[in-house]
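Just so you know, the sequences run in chain order A and B. Residue numbers 331 to 444, in our numbering, belong to the letters of the first sequence in order. Residue numbers 275 to 386, in our numbering, belong to the letters of the second sequence in order. Accompanying notes for the structure given below.
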Amino acid sequence: NAGVTQTPKFHILKIGQSMTLQCTQDMNHNYMYWYRQDPGMGLKLIYYSVGAGITDKGEVPNGYNVSRSTTEDFPLRLELAAPSQTSVYFCASSYSNSYNSPLHFGNGTRLTVT
Amino acid sequence: DAKTTQPNSMESNEEEPVHLPCNHSTISGTDYIHWYRQLPSQGPEYVIHGLTSNVNNRMASLAIAEDRKSSTLILHRATLRDAAVYYCILRAVMNRDDKIIFGKGTRLHILP
Numbered sequence: 331n332a333g334v335t336q337t338p339k340f341h342i343l344k345i346g347q348s349m350t351l352q353c354t355q356d357m358n359h360n361y362m363y364w365y366r367q368d369p370g371m372g373l374k375l376i377y378y379s380v381g382a383g384i385t386d387k388g389e390v391p392n393g394y395n396v397s398r399s400t401t402e403d404f405p406l407r408l409e410l411a412a413p414s415q416t417s418v419y420f421c422a423s424s425y426s427n428s429y430n431s432p433l434h435f436g437n438g439t440r441l442t443v444t
Numbered sequence: 275d276a277k278t279t280q281p282n283s284m285e286s287n288e289e290e291p292v293h294l295p296c297n298h299s300t301i302s303g304t305d306y307i308h309w310y311r312q313l314p315s316q317g318p319e320y321v322i323h324g325l326t327s328n329v330n331n332r333m334a335s336l337a338i339a340e341d342r343k344s345s346t347l348i349l350h351r352a353t354l355r356d357a358a359v360y361y362c363i364l365r366a367v368m369n370r371d372d373k374i375i376f377g378k379g380t381r382l383h384i385l386p
């Protein structure tokens, strides 16, 4: 299994542009999450999904959109990028919300908005 | 807001035990305590979890206070590779609203 795969690894975006961060997992996990991590800080939850067709807002959803049309994929869309969205973005998945179902994280996408 | 509080940073000598504390005074009866760690330039990885009893695995031990309002992650013999940010989080069992919130974690420095 490849686990959780995020693309691209790095990207530079101009202010006002849009882009989609890709996240896919091959573990048949129902639960998926997007976090952002600013330099020297902890992770902030952006959006999460408990299954295909279902998404919910996290702590910091403004400026982002998500969709979950399949179990495997959970893309994160940035519309009208702003410098405040410069961050490292992590996608994670979990088989269920049971206590013995840990989160599996991807290696992150480092995004710079200039 | 995160439901847990941890010291910002800690230091330990190599090959000595490390005790990383976490306070979670508002924990509910259905919350499990999970620990993750994040090595430099990587995504977080699962370390251990528990509910009431102390837990051991190949990576670490988890000691949970009797009132469950605090817990301690124990690395029995720290190595340089254990230098990371350690996160303590609470996860409710079988709650559809699986909004998993991370705090700032504890940055562990290992001195050779």
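Just so you know, even glycine gets a beta-carbon here, dropped at the ideal spot from N, CA and C. None of these values were measured; they are calculated from a predicted model.
Expressed to the nearest angstrom, what Euclidean distance is found between the alpha-carbon atoms of residue i and residue j?
{"i": "residue 343 (chain B)", "j": "residue 422 (chain A)", "result": "27 Å"}
{"i": "residue 404 (chain A)", "j": "residue 351 (chain B)", "result": "39 Å"}
{"i": "residue 317 (chain B)", "j": "residue 385 (chain A)", "result": "22 Å"}
{"i": "residue 379 (chain B)", "j": "residue 309 (chain B)", "result": "10 Å"}
{"i": "residue 375 (chain A)", "j": "residue 414 (chain A)", "result": "15 Å"}
{"i": "residue 364 (chain B)", "j": "residue 348 (chain A)", "result": "34 Å"}
{"i": "residue 389 (chain A)", "j": "residue 374 (chain B)", "result": "10 Å"}
{"i": "residue 280 (chain B)", "j": "residue 311 (chain B)", "result": "13 Å"}
{"i": "residue 377 (chain A)", "j": "residue 401 (chain A)", "result": "15 Å"}
{"i": "residue 345 (chain B)", "j": "residue 356 (chain A)", "result": "33 Å"}
{"i": "residue 434 (chain A)", "j": "residue 387 (chain A)", "result": "20 Å"}
What does residue i pair with, by DSSP beta-bridge criteria?
{"i": "residue 422 (chain A)", "result": "A:363 and A:435"}
{"i": "residue 417 (chain A)", "result": "A:441"}
{"i": "residue 349 (chain A)", "result": "A:408"}
{"i": "residue 354 (chain A)", "result": "A:335 and A:403"}
Please list, in chain order, all residues of the same chain as residue i whose beta carbon is under 6 Å from its beta carbon, the five residues on each side excluded.
{"i": "residue 351 (chain A)", "result": "406, 419 and 439"}
According to DSSP, is residue i part of a helix, a strand, or is it coil?
{"i": "residue 311 (chain B)", "result": "strand"}
{"i": "residue 354 (chain B)", "result": "helix"}
{"i": "residue 375 (chain A)", "result": "strand"}
{"i": "residue 303 (chain B)", "result": "coil"}
{"i": "residue 366 (chain B)", "result": "strand"}
{"i": "residue 323 (chain B)", "result": "strand"}
Counting only the same chain and skipping the five closest in sequence on each side, list residues whose C-beta sits under 7 Å from that of residue i.
{"i": "residue 359 (chain A)", "result": "423, 424 and 425"}
{"i": "residue 431 (chain A)", "result": "424 and 425"}
{"i": "residue 278 (chain B)", "result": "296, 297, 298, 362, 363, 364 and 377"}
Keeping to the same chain, check which residues put their C-beta closer than 8 Å to that of residue i; ignore five residues upstream and five downstream.
{"i": "residue 345 (chain A)", "result": "411, 412, 413, 443 and 444"}
{"i": "residue 381 (chain A)", "result": "360, 361, 398 and 401"}
Taking contact to mean 3 or more Cβ pairs, one atom from each stretch, closer than 8 Å, check whether the region 286-303 of chain B and the region 352-360 of chain B are in contact.
yes
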